[in-house]
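Working notes, beginning with the structure itself.
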Amino acid sequence: MNSGYFLDRSPRLTIKPRADAVSDGTAAIVSVTPSLSQGFAQPLTISVVVSGLVDTVTVRGSGAIQCSGHCGTLVGYDSAGAILGQTPLQLIDPADCSPPESPDNVTFGATATLAVTNGIIAHFDITPMSPLEFPVFDLTGHASATYAITLGVRTGPTLVVTCTPTSPLRGKPVTCTAMMSDSSAFVPTHFEASSDGKRIVGIDVVNGNIATAFP
Numbered sequence: 016m017n018s019g020y021f022l023d024r025s026p027r028l029t030i031k032p033r034a035d036a037v038s039d040g041t042a043a044i045v046s047v048t049p050s051l052s053q054g055f056a057q058p059l060t061i062s063v064v065v066s067g068l069v070d071t072v073t074v075r076g077s078g079a080i081q082c083s084g085h086c087g088t089l090v091g092y093d094s095a096g097a098i099l100g101q102t103p104l105q106l107i108d109p110a111d112c113s114p115p116e117s118p119d120n121v122t123f124g125a126t127a128t129l130a131v132t133n134g135i136i137a138h139f140d141i142t143p144m145s146p147l148e149f150p151v152f153d154l155t156g157h158a159s160a161t162y163a164i165t166l167g168v169r170t171g172p173t174l175v176v177t178c179t180p181t182s183p184l185r186g187k188p189v190t191c192t193a194m195m196s197d198s199s200a201f202v203p204t205h206f207e208a209s210s211d212g213k214r215i216v217g218i219d220v221v222n223g224n225i226a227t228a229f230p
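When you read off a place in the sequence shown, starting at 1, and then add 15, the result is the number in our numbering.
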């Protein structure tokens, strides 16, 4: 006999979006690959693309996982694919693992929150838990998790860059203007442009002067 759930003791809890995130349109989930479900039947990493000034991601799983295993990892990336941070998922309710009435070493889920202070999260991954199959008394358990996601957005002024033309053509000049969203002053320290992940130009600015250029 195989099953993904054993003695479902804990309530399935629903995450409510933060007021400054998904619910008011300032951030959104753009795509999920392959889905928000993971485990024995779908053992691949979940990749989620988001929009908005996302600086915090919380994931919370609901299903069945082995308590003594690895719960997976939450990894955040910027728009260029650089890792901004990562954190392991932790058991939501360790006391649910092996209570006296059912010492099965199985619980209903794990959770993690990743908050970054530098950069904006453009996409994030949830790596799979392990093991995906495990003994439960004289049965065989299959790991499963369906994730709820909460996004948090950065508050305060942000740098807004506008370019003309908006769709540049090779060999044609492009003019870009940068300003803070609240019109406050800022001091540039570096300019950089890239295309398809390749740097076009990078320029350090020190005391208002160009210090080093990286063609």
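All residues carry an ideal CB built from backbone N, CA and C; glycine is no exception.
About 5 Å separates the beta carbons of T88 and T142, which is inside the 8 Å limit, making them a contact pair.
A distance of 8 Å or more separates the beta carbons of G100 and L68. Two segments are said to touch when three or more pairs of C-beta atoms, one from each, lie closer than 8 Å; by this definition the region 74 to 82 does not touch the region 190 to 200.
Scanning its chain for C-beta atoms nearer than 6 Å, with the 5 sequence neighbours on each side dropped, one finds around T41 the residues G67, V168, in chain order. The beta carbons of L166 and V65 sit closer together than 8 Å.
In the DSSP assignment, T48 is bridged to S62. Short of 8 Å from the beta carbon of G84, and not among the five residues preceding or following it, lie these beta carbons of its own chain, in chain order: M144, S145, P146, F149, A158. Straight across, the Cα-Cα distance linking L51 with A137 is about 17 Å. Checking the DSSP bridge columns, you'll see F149 partnered with G156. Per DSSP, the continuous beta strand (DSSP E) segment holding R75 begins and ends at 69 to 81. For Q57, no beta strand (DSSP E) encloses it, and the DSSP letter there is neither H nor E. As for any beta strand (DSSP E) of minimum length 3 sitting wholly inside the region 113 to 147, the runs are 125 to 130, 138 to 141, ordered along the chain.
In chain order, P143, L147 place their CB closer than 6 Å to the CB of P58, counting only its own chain and leaving out the 5 sequence neighbours on each side. Nearest Cα to S113 within the set Q81, S94, L184: Q81.
Between the alpha carbons of V151 and N120 lies a gap of roughly 7 Å. Beta-bridge partners assigned by DSSP to T192: T177. From the listed residues A160, E116, S94, the smallest Cα separation to T126 is found for A160.
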